[in-house]
Amino acid sequence: MRHVLLATLLCASTCAHAQSPDDPGYERIVKQPPTQEEIEGILLVPTVTKGISYIGGGVGSVERAAIEQWAKGYTLRIEMARKSGEYLGDMQVRIFDAQGETVLEAPSDGPLFFVQLPGGRYAVEIAPLDPPAPSTAGLAPQIREVTVTEGQQARVFLAWP
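With the sequence shown counted from 1, adding 1 to any position gets you the working numbering.
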């Protein structure tokens with residue numbers, strides 16, 4: 002009984018001292034952008050399949066900044082998110098050339114996926130992995146067409162409800 006009373010008093014004390022934005026002296030915690038040192042501490046290893054180099058990731062602000070900086074020279078950038086702005090990972094990426102042939106099929110564990118493709122027209126299909134992760138269950142596949150130009154980075158953004 003004494004333990005229950007003590008726990009109740011501690012909870013009441015903690016709850017009574019919680020700050021709200023309206024309290025005088027309230028300090029908002031602002032997350033600082035990653036430092037260059039943090040970014041350089043991320044090890045990024047691209048995969049090459051059928052001569053096509055790609056890399057996926059971007060989970061967390063440091064990894065996202067690192068992959069964006071590292072993959073600037075890639076010709077295709079794919080971003081996956083919910084319409085609310087929440088990033089999505091655990092998706093299957095399929096890229097088809099103008100003849101409908103599969104150029105690349107690979108999983109992306111993060112919301113960003115970069116591919117080094119030769120210039121041309123492509124169709125990009127993104128779908129949940131099979132079996133889907135809890136965060137992507139029930140999402141329908143989406144397809145976008147994109148034109149890739151040598152020396153430039155094309156961007157495909159896909160958003161789900």
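Beta carbons: idealized from backbone N, C-alpha and C, even for Gly.
On the premise that residue j lies in contact with residue i, defined as a C-beta separation below 8 Å, what is that separation, rounded to the nearest angstrom?
| i | j | result |
| --- | --- | --- |
| glutamate 106 | arginine 95 | 5 Å |
| tyrosine 159 | glutamine 143 | Sequence check: residue 159 is leucine here, not tyrosine. Contact holds; Cβ gap of about 5 Å. |
| aspartate 91 | threonine 50 | The Cβ separation is near 19 Å, so there is no contact. |
| glutamate 146 | alanine 124 | 5 Å |
| glutamine 93 | alanine 66 | Their Cβ separation, rounded to whole angstroms, is 25 Å, which puts glutamine 93 and alanine 66 out of contact at 8 Å. |
| isoleucine 56 | leucine 45 | 6 Å |
Quickly, what does DSSP pair residue i with across the bridge? List them, please.
| i | result |
| --- | --- |
| glycine 74 | BP columns for glycine 74 are empty, so no partner. |
| isoleucine 1 | Only positions 2 to 162 of the chain appear in the structure, and residue 1 is not among them; the question remains open. |
| alanine 134 | Paired residue(s): none; alanine 134 is not in a bridge. |
| glutamate 80 | Leu113, Phe158 |
| glycine 121 | Val149 |
State the start and end residues of the unbroken beta strand (DSSP E) segment that holds residue i.
| i | result |
| --- | --- |
| aspartate 98 | 92-98 |
| leucine 113 | 113-117 |
| arginine 175 | Any property of residue 175 remains undetermined from this structure, which presents the chain solely from 2 to 162. |
| serine 85 | It is not in any beta strand (DSSP E) - serine 85 carries neither H nor E in the DSSP assignment. |
| isoleucine 56 | 53-58 |
| serine 109 | 103-109 |
| threonine 48 | 48-50 |
Could you check if residue i is buried or exposed, using at least 16 other CB atoms within 10 Å of its CB as the buried criterion?
| i | result |
| --- | --- |
| alanine 157 | Here the sequence assigns valine to residue 157, which means alanine is not the residue at that position. Its Cβ being crowded by 16 or more others within 10 Å, valine 157 is buried. |
| serine 109 | buried |
| aspartate 140 | In the sequence as displayed, the identity of residue 140 is leucine instead of aspartate. Per the 10 Å Cβ criterion, buried. |
| alanine 72 | buried |
| glycine 152 | exposed |
Can you give me the Cβ contacts of residue i inside the same chain, cut-off strictly under 8 Å, excluding the 5 residues immediately before and after it?
| i | result |
| --- | --- |
| serine 62 | Lys32, Pro34, Pro35 |
Excluding the 5 residues flanking residue i on each side, which residues of the same chain have their C-beta closer than 6 Å to its C-beta?
| i | result |
| --- | --- |
| leucine 118 | Thr76, Leu77, Val149 |
| tyrosine 88 | Ala82, Pro112 |
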